[in-house]
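Student: Protein chains in written order, with the numbering used here: chain A, 476 to 816; chain B, 476 to 816.
Just passing along the structure, written as structure tokens.
There are 2 protein chains.
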Amino acid sequence: MTSIKKIAEIAGVSRGTVDRALNNRGEVNEEVAERIRAIARDLGYKTNRAGLALAARKHPLKIGAVFPSEGNPYFDDVITGLRESEKELSDYAVSVSLKTTRGFSADAQIQRIDELISEGVQALILCPVNEKIMVDKINSLVDAGIPVITSNSDLENSKRLCYVGTDYSKSGRMAAGLLGLVAAGNPMNVVILTGSIHVLGHNQSISGFYSVIKKDYPNITVSDVEETLDNSDVSYRITRNLLESSLKPDAIYMTAGAVGGTCRALAEAGSGQSIRLFTHDITSESRPYLLSGIISATIPQDPYQQGYMPVKLLFDYSLDKNPPQEDKVFTNSYIIVRESL
Amino acid sequence: MTSIKKIAEIAGVSRGTVDRALNNRGEVNEEVAERIRAIARDLGYKTNRAGLALAARKHPLKIGAVFPSEGNPYFDDVITGLRESEKELSDYAVSVSLKTTRGFSADAQIQRIDELISEGVQALILCPVNEKIMVDKINSLVDAGIPVITSNSDLENSKRLCYVGTDYSKSGRMAAGLLGLVAAGNPMNVVILTGSIHVLGHNQSISGFYSVIKKDYPNITVSDVEETLDNSDVSYRITRNLLESSLKPDAIYMTAGAVGGTCRALAEAGSGQSIRLFTHDITSESRPYLLSGIISATIPQDPYQQGYMPVKLLFDYSLDKNPPQEDKVFTNSYIIVRESL
DNA sequence: CTGAAAGCGCTTACAG
DNA sequence: CTGAAAGCGCTTACAG
Numbered sequence: 476m477t478s479i480k481k482i483a484e485i486a487g488v489s490r491g492t493v494d495r496a497l498n499n500r501g502e503v504n505e506e507v508a509e510r511i512r513a514i515a516r517d518l519g520y521k522t523n524r525a526g527l528a529l530a531a532r533k534h535p536l537k538i539g540a541v542f543p544s545e546g547n548p549y550f551d552d553v554i555t556g557l558r559e560s561e562k563e564l565s566d567y568a569v570s571v572s573l574k575t576t577r578g579f580s581a582d583a584q585i586q587r588i589d590e591l592i593s594e595g596v597q598a599l600i601l602c603p604v605n606e607k608i609m610v611d612k613i614n615s616l617v618d619a620g621i622p623v624i625t626s627n628s629d630l631e632n633s634k635r636l637c638y639v640g641t642d643y644s645k646s647g648r649m650a651a652g653l654l655g656l657v658a659a660g661n662p663m664n665v666v667i668l669t670g671s672i673h674v675l676g677h678n679q680s681i682s683g684f685y686s687v688i689k690k691d692y693p694n695i696t697v698s699d700v701e702e703t704l705d706n707s708d709v710s711y712r713i714t715r716n717l718l719e720s721s722l723k724p725d726a727i728y729m730t731a732g733a734v735g736g737t738c739r740a741l742a743e744a745g746s747g748q749s750i751r752l753f754t755h756d757i758t759s760e761s762r763p764y765l766l767s768g769i770i771s772a773t774i775p776q777d778p779y780q781q782g783y784m785p786v787k788l789l790f791d792y793s794l795d796k797n798p799p800q801e802d803k804v805f806t807n808s809y810i811i812v813r814e815s816l
Numbered sequence: 476m477t478s479i480k481k482i483a484e485i486a487g488v489s490r491g492t493v494d495r496a497l498n499n500r501g502e503v504n505e506e507v508a509e510r511i512r513a514i515a516r517d518l519g520y521k522t523n524r525a526g527l528a529l530a531a532r533k534h535p536l537k538i539g540a541v542f543p544s545e546g547n548p549y550f551d552d553v554i555t556g557l558r559e560s561e562k563e564l565s566d567y568a569v570s571v572s573l574k575t576t577r578g579f580s581a582d583a584q585i586q587r588i589d590e591l592i593s594e595g596v597q598a599l600i601l602c603p604v605n606e607k608i609m610v611d612k613i614n615s616l617v618d619a620g621i622p623v624i625t626s627n628s629d630l631e632n633s634k635r636l637c638y639v640g641t642d643y644s645k646s647g648r649m650a651a652g653l654l655g656l657v658a659a660g661n662p663m664n665v666v667i668l669t670g671s672i673h674v675l676g677h678n679q680s681i682s683g684f685y686s687v688i689k690k691d692y693p694n695i696t697v698s699d700v701e702e703t704l705d706n707s708d709v710s711y712r713i714t715r716n717l718l719e720s721s722l723k724p725d726a727i728y729m730t731a732g733a734v735g736g737t738c739r740a741l742a743e744a745g746s747g748q749s750i751r752l753f754t755h756d757i758t759s760e761s762r763p764y765l766l767s768g769i770i771s772a773t774i775p776q777d778p779y780q781q782g783y784m785p786v787k788l789l790f791d792y793s794l795d796k797n798p799p800q801e802d803k804v805f806t807n808s809y810i811i812v813r814e815s816l
């Protein structure tokens, strides 16, 4: 293992100079710097994280996070991941300050961000609403030297470092694959309940779903797409209507939240009702319904990692200033059934 | 953050003494030790891994691993996990030396273990065959101060530190849950192809499978259980026979390997054949069959973690000598379909 | 039984 | 532009 010390000896300079050269801190003669870099390259130098971490304790890293988690159990696991990551990095003087909002409001998010900035956070994790004003906010933060990672919901056209979250299109394709499996070639009529047609992710799930049934499962038809606005009162009402409708669907596919309302309506209709429900995610609210069989199967999208990864990535970035390998870090989607719990 | 230095100041002793007291190295007056421990407790002292790691570089940790991976693509991901873990810990002077065997032979495994010991490894990761002689070997290693973690396959009655791997019973239950979902209340006749009735894990999968269909899916019947011995020639032949049999099953559930042989037989029978195949794991061999629809769905068991976790756990153990929280660290099982790839 | 000192690999004022 | 030194938190011979 090559260390800075060894390189310094070989180059005949001090360790400080090697540090400056290798980390492009300037203030070093370009010829000397190039010689040092060449030696490092030849010896396959890799900076040692333990040494780095120890030195970094003199300048702790404060990370801020803003999530619309109030009243939304989906984010429970995201926050667990966030805290676990913080705990694992506590030896490296990393701390995470979390602010929450209820619902999706750009104003509320910006307010929380400003609070965090005044607390002195040096990096941010955001789950931004899809509005121009948030793009501007993110860009001005990044310009001011505060790196931003988007989690769960992306703003592609902003200067965020990267996105960590669901591959919504793939999740939709998987849902279609699962329905195809269950339909087994027989006709199946599906109603899609989506969150909002204004939310990019939800639309991507629907497109993914359609792309697969069009290609592989002509026996599956979608008779309706309705918005729940992630509101369980709305999803309850819609589901009640479906149950009474003359063209009762064989299955419901929910791309987003408000799962509780639909489950409640199906549960009230009793075990005789024959609509099968397929959802994403698994929360404290939906869990009992998977156990009781109201939900046939669900496709979670690793919310834990959506909290865990951004902290790690911002820490890495603070050390080496190299942006993450991937512009979009997709979390795993996988199917679970009652017996998985 | 409390450090050893701070505790030393408060206790009015040297850092060396604090270190000895907190890590039970002996050679310290019991009253002084107790006072130091009390201070550490009150201040919520947690040893800093970065400092620890740096000091540990003077005594690098060499871990040995023995896997029956030759000719068995299942272990590809296990080894990827092993190497990734090694890479992440390289700053902590951890290295992993891997030896492989072809097939399951206690003699071959013991020979590899002895080679590793003579290379000076200080801890071992094993995927032991289920034989008394391996229990004895593990026990004598542990008695000699070499901690052992079993991966993928356990020997519960040995002195291994812990097991990392599949919850076979749960995997079997999930498979049954999935078949129940697909059967949708209609009669379904299943043939189980297992690896060997002498392998504990395979039997646990079968029991798990039965427990669920007995409780929840009376419409599912198991007409036959056959052994493939993880040999694709055998599974090919069995599957051919099933295809020609008068009581052709609706589905095959494979608990173990030899998936390739069954897939080949089903593929040769053409798309008109109506047997649906459910398996565990996903390998370079089985992947194309999931893509082409020969395999309806599969339940991998996170082989990557089976390599990744043991290295981390042995490293942690080398630092603090505390055995892992769990006696059995189960890796995740989850259902994937073609669209998951 | 205890302490002083050196060292793991890195960074960073400070002095020149 | 460069070096010497101190320090992050821990461990460990060595001396007493």
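Beta carbons are placed, not taken as given, at the ideal position from N, Cα and C, and that holds for glycine.
Just so you know, these numbers come straight off a predicted model, no measurement behind them.
Whole angstroms are fine: how far does the CA of F684 (chain B) sit from the CA of V674 (chain B)?
Tutor: Approximately 16 Å between the Cα atoms of the pair.
Student: With 16 other CB atoms within 10 Å as the buried threshold, where does E814 (chain B) fall?
Tutor: Under this definition E814 (chain B) is a buried residue.
Student: Go through its chain and collect everything with a Cβ distance to S707 (chain B)'s Cβ below 6 Å, but skip five positions before and after it.
Tutor: So the qualifying residues of the chain are A733, G735 and G736.
Student: Classify Q780 (chain B) as buried or exposed, calling it buried when 16 or more other Cβ atoms lie within 10 Å of its own Cβ.
Tutor: So Q780 (chain B) ends up on the buried side.
Student: Can you name the residues that DSSP bridges to M729 (chain A)?
Tutor: In DSSP, M729 (chain A) forms a bridge with A:L668.
Student: Thinking just about the alpha-carbon of each residue, which of A:A619, A:S721 and A:L601 is nearest to the one in G625 (chain A)?
Tutor: For clarity, residue 625 (chain A) is Thr in the given sequence; the question names Gly instead. The residue with the shortest Cα to Cα distance from T625 (chain A) is A:L601.
Student: Is there a Cβ of chain B sitting closer than 7 Å to that of M609 (chain A), yes or no?
Tutor: Chain B, which has no Cβ nearer than 7 Å to the Cβ of M609 (chain A), makes this no.
Student: Might you give, ordered along the chain, the residues of its own chain that have their beta carbon closer than 6 Å to the beta carbon of Y711 (chain B), omitting 5 neighbours on each side?
Tutor: Closer than 6 Å at the Cβ level, and outside the excluded window around Y711 (chain B), lie G736, R739 and A740.
Student: Leaving aside the five residues before and after C637 (chain A) along the sequence, list all residues of the same chain whose C-beta is less than 8 Å from its C-beta, in chain order.
Tutor: Here the set comprises I624, T625, L788, P798, P799, E801, D802, K803 and V804.
Student: Roughly how many whole angstroms lie between the Cα atoms of L616 (chain B) and S628 (chain B)?
Tutor: Distance between the alpha carbons of L616 (chain B) and S628 (chain B): 18 Å.
Student: With 7 Å as the threshold, decide whether the Cβ of L557 (chain A) is near any Cβ in chain B.
Tutor: It does not: the Cβ of L557 (chain A) has no partner Cβ on chain B nearer than 7 Å.
Student: Say whether the stretch 714-731 of chain A touches the stretch 659-678 of chain A, bearing in mind that this needs 3 or more beta-carbon pairs closer than 8 Å, one atom from each stretch.
Tutor: The answer is yes - the stretch 659-678 of chain A touches the stretch 714-731 of chain A, with three or more Cβ pairs under 8 Å.
Student: Per DSSP, F805 (chain A) is paired with what?
Tutor: Answer by DSSP bridge pairing, in chain order: A:G640.
Student: Hey, I688 (chain A) and I681 (chain A): beta-carbon distance below 7 Å or not?
Tutor: Going by C-beta atoms, I688 (chain A) is not nearer than 7 Å to I681 (chain A).
Student: Below 7 Å between beta carbons is the criterion; list the residues of the stretch 523-538 of chain A that meet it against any residue of chain B, in chain order.
Tutor: Answer set for the stretch 523-538 of chain A: N523, R524, A525, G526, A528 and L529.
Student: Less than 8 Å between C-beta atoms, sequence neighbours within five positions excluded: which residues of the same chain meet that for Y792 (chain B)?
Tutor: So the list reads A598, P622, L636, P798 and P799, once near-sequence residues are dropped.
Student: Which of the three DSSP states is assigned to E505 (chain B) in this structure?
Tutor: Helix at E505 (chain B).
Student: For S698 (chain A), collect the residues of the same chain with a Cβ closer than 8 Å to its Cβ; drop the 5 residues on either side in sequence, then sort them by chain order.
Tutor: Cβ within range, chain order: N664, V665, V666, L722 and P724.
Student: Starting from the Cα of I757 (chain B), find the closest Cα among B:N678, B:S808, B:F542 and B:Q679 and give me that residue.
Tutor: The residue with the shortest Cα to Cα distance from I757 (chain B) is B:S808.
Student: Answer yes or no: do A483 (chain A) and L529 (chain B) have a C-beta to C-beta separation smaller than 7 Å?
Tutor: The answer is no: Cβ separation not under 7 Å.
Student: Can you tell me which of B:E760, B:T477, B:T754 and B:E719 puts its alpha carbon nearest to the alpha carbon of A744 (chain B)?
Tutor: Of the candidates B:E760, B:T477, B:T754 and B:E719, the one whose C-alpha sits nearest the C-alpha of A744 (chain B) is B:E719.
Student: DSSP state of T703 (chain B), grouped into three classes?
Tutor: Looking at T703 (chain B) - three-state DSSP - the assignment turns out to be coil, as it is neither helix nor strand.
Student: What in chain A is Cβ-close to N656 (chain B), meaning under 7 Å?
Tutor: Note that residue 656 (chain B) is Leu in the sequence shown, not Asn. Ordered by position in chain A, the residues that pass the 7 Å Cβ test against L656 (chain B) are V657, S771, A772 and V812.
Student: Would you please state the rounded distance, in angstroms, between the beta carbons of I485 (chain A) and L497 (chain A)? I believe it to be under 8 Å.
Tutor: Going by Cβ atoms, the distance from I485 (chain A) to L497 (chain A) rounds to 13 Å, so no, they are not a contact pair.
Student: If we ignore side chains and look at the alpha-carbon of each, how far apart do A658 (chain B) and L816 (chain B) end up?
Tutor: One C-alpha to the other measures close to 24 Å.
Student: How many angstroms separate the CA atom of R516 (chain B) from the CA atom of E506 (chain B)?
Tutor: Straight-line Cα distance between these residues: approximately 15 Å.
Student: Taking CB distances under 7 Å as the criterion, tell me whether L789 (chain B) reaches chain A.
Tutor: Chain A, which has no Cβ nearer than 7 Å to the Cβ of L789 (chain B), makes this no.
Student: Could you name the residues of chain B that D517 (chain A) contacts, counting a contact when the two beta carbons are closer than 7 Å?
Tutor: Near D517 (chain A) there are no residues of chain B at all, since even the closest Cβ is about 19 Å away, more than 7 Å.
Student: Taking the alpha carbon of S671 (chain B) as the point to measure from, which residue in B:V700, B:A651, B:F550 and B:K690 has its own alpha carbon closest?
Tutor: Of the candidates B:V700, B:A651, B:F550 and B:K690, the one whose C-alpha sits nearest the C-alpha of S671 (chain B) is B:V700.
Student: Which residue from A:L591, A:G501 and A:Q586 puts its Cα closest to that of V571 (chain A)?
Tutor: Measuring from the Cα of V571 (chain A), the nearest candidate turns out to be A:L591.
Student: Cβ of Y792 (chain B) less than 7 Å from any chain A Cβ?
Tutor: No, Y792 (chain B) does not count as interfacial toward chain A.
Student: Please list, in chain order, all residues of the same chain as V552 (chain B) whose beta carbon is under 6 Å from its beta carbon, the five residues on each side excluded.
Tutor: For the record, residue 552 (chain B) in the displayed sequence is Asp; it is not Val. Within the same chain, D552 (chain B) has close Cβ partners P778 and Y779.
Student: With H, G and I counted as helix, E and B as strand and the rest as coil, what does DSSP make of G652 (chain A)?
Tutor: In this structure, G652 (chain A) counts as helix in the three-state DSSP scheme.
Student: To the nearest whole angstrom, what separates the beta carbons of Q584 (chain A) and V604 (chain A), a pair I think is in contact under 8 Å?
Tutor: Indeed they touch by this definition, with Cβ atoms about 6 Å apart.
Student: Residues of chain B with CB under 7 Å from L653 (chain A), in chain order?
Tutor: Neighbours of L653 (chain A) on chain B, chain order: V812.
Student: Give the secondary structure of G539 (chain A) by DSSP, where H, G and I count as helix, E and B as strand, and everything else as coil.
Tutor: It is a strand residue.
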